[in-house]
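Asks:
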Ligand SMILES: Cc1cc2nc3c(=O)[nH]c(=O)nc-3n(C[C@H](O)[C@H](O)[C@H](O)COP(=O)(O)O)c2cc1C
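Numbering (the numbering used here), first residue to last: 32 to 236.
(1) Considering only DSSP beta bridges, list what residue 65 is partnered with.
(2) How should residue 198 be labelled, buried or exposed, when 16 other C-beta atoms within 10 angstroms of its C-beta is the threshold for buried?
(3) Which term fits residue 72, buried or exposed, when burial requires 16 or more other beta carbons within 10 angstroms of its beta carbon?
(4) If you run the structure through DSSP and keep just helix, strand and coil, what is residue 164?
(5) Do residue 50 and residue 132 count as a contact pair if the criterion is CB distance below 8 Å?
(6) Which whole-angstrom value is the C-beta distance of residue 127 and residue 152, which I expect to be below 8 Å?
(7) Take the Cβ of residue 60 as the centre, count every other Cβ of all protein chains shown within 10 Å, and call the residue buried at 16 or more, exposed below.
(8) What is the DSSP secondary structure of residue 242, counted as helix, strand or coil?
(9) Just reading off the beta strand (DSSP E) that residue 128 is part of, what are its end residues?
(10) How many Å lie between residue 38 and residue 201 at the Cα?
(11) Below 7 Å CB to CB, which residues in the same chain sit around residue 187 once its five sequence neighbours on both sides are set aside?
(12) Could you check whether the Cβ of residue 136 sits closer than 7 Å to any heavy atom belonging to ligand 1?
(13) Where residue 120 and residue 114 are concerned, what is the direct C-alpha to C-alpha distance, given to the nearest angstrom?
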């Protein structure tokens with residue numbers, strides 16, 4: 032049985048590792064991921080992860096880094112300029128969307144319903160259809176407009192999950208930090224996972 036369809040966007044904010052780890056986890060669960068990557072998202076994949084992670088080579092990159100389990104899912108790539116793509120319509124059966132990471136520019140576009148490209152239009156579809164929209168913004172420090180735009184998105188029904196990995200799980204590597212964020216994003220999308228230990232409430236010492 033298909034695990035359903037999820038829209039997934041990568042935009043030009045730092046944190047490509049969060050995106051690829053989350054993508055790998057969704058694919059390993061048999062999800063059909065409908066991916067759209069902004070121009071700066073494409074640049075981010077190459078700048079932060081190297082040429083082998085460029086959009087055209089993403090599936091081989093994911094299986095080399097995370098294993099063949101990613102082949103359980105389906106990855107469909109849409110152009111950010113194609114406002115006629117499946118995920119641009121509320122009649123398409125895509126149950127949720129995550130934007131990982133989300134730039135302040137895309138955040139602003141979503142907050143104000145601009146739908147200038149497929150990322151913003153698909154996000155708007157999620158909001159109008161009252162489906163799950165998970166936005167993972169990354170910037171520091173945050174301007175007042177960015178803070179207000181997060182509030183607008185949250186008021187419209189989006190879940191704002193800032194790219195803020197924790198340290199209580201004692202990460203040893205960048206991949207451990209990415210696991211934490213991917214786990215938070217999966218939880219927000221409604222998936223179970225064991226990417227970080229659940230907080231036990233026990234305080235050391
Ligand atoms: C290497 C790099 C890192 C960037 N990091 C961020 C970031 O963390 N947050 C952010 O809001 N913008 C960041 N930017 C700027 C955005 O990419 C830029 O505003 C772009 O227009 C966003 O467009 P998009 O949302 O369509 O991808 C970065 C740009 C580059 C080239």
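C-beta: ideal position from N, C-alpha, C; glycine also.
Replies: Taking the coordinates as given:
(1) Taking the chain shown and counting its residues from 1, one reaches residue 65 at position 34. Residue 65 pairs with 38, 107.
(2) As a first step, residue 198 must be located in the chain shown, where it is residue number 167. Within a 10 Å sphere around the beta-carbon of residue 198 sit fewer than 16 other beta-carbons, which makes this residue exposed.
(3) Here residue 72 corresponds to residue number 41 of the chain shown, with the count starting at 1. Buried.
(4) Here residue 164 refers to the residue found at position 133 when the chain shown is read from its first residue. Note: residue 164 maps to strand in three-state DSSP.
(5) To locate residue 132, count along the chain shown from 1; it is residue 101. To locate residue 50, count along the chain shown from 1; it is residue 19. Yes, Cβ-Cβ distance for residue 132 and residue 50 is below 8 Å.
(6) By 1-based counting over the chain shown, the position of residue 127 is 96. By 1-based counting over the chain shown, the position of residue 152 is 121. That belief does not hold up - the Cβ atoms of residue 127 and residue 152 are roughly 16 Å apart, past 8 Å.
(7) The residue given as residue 60 occupies position 29 in the chain shown. With 16 or more other Cβ atoms within 10 Å, it is buried.
(8) Coverage of the chain is limited to positions 32 through 236, which leaves residue 242 absent and any answer about it impossible.
(9) In the chain shown, counting from the first residue as 1, residue 128 sits at position 97. Segment 127-133, the beta strand (DSSP E) holding residue 128.
(10) Reading the chain shown from its first residue, position 7 is the one you call residue 38. Reading the chain shown from its first residue, position 170 is the one you call residue 201. In this structure, the straight-line span from the alpha carbon of residue 38 to that of residue 201 is close to 31 Å.
(11) Here residue 187 corresponds to residue number 156 of the chain shown, with the count starting at 1. If the five residues before and after residue 187 are omitted, its C-beta is found closer than 7 Å to the C-beta atoms of 158, all from its own chain and listed in chain order.
(12) Here residue 136 refers to the residue found at position 105 of the chain shown. Yes, since a heavy atom of ligand 1 falls inside the 7 Å radius drawn around the Cβ of residue 136.
(13) Locating residue 120 in the chain shown gives position 89, counting from the first residue. Locating residue 114 in the chain shown gives position 83, counting from the first residue. Going by the C-alpha atoms only, they are around 9 Å apart.
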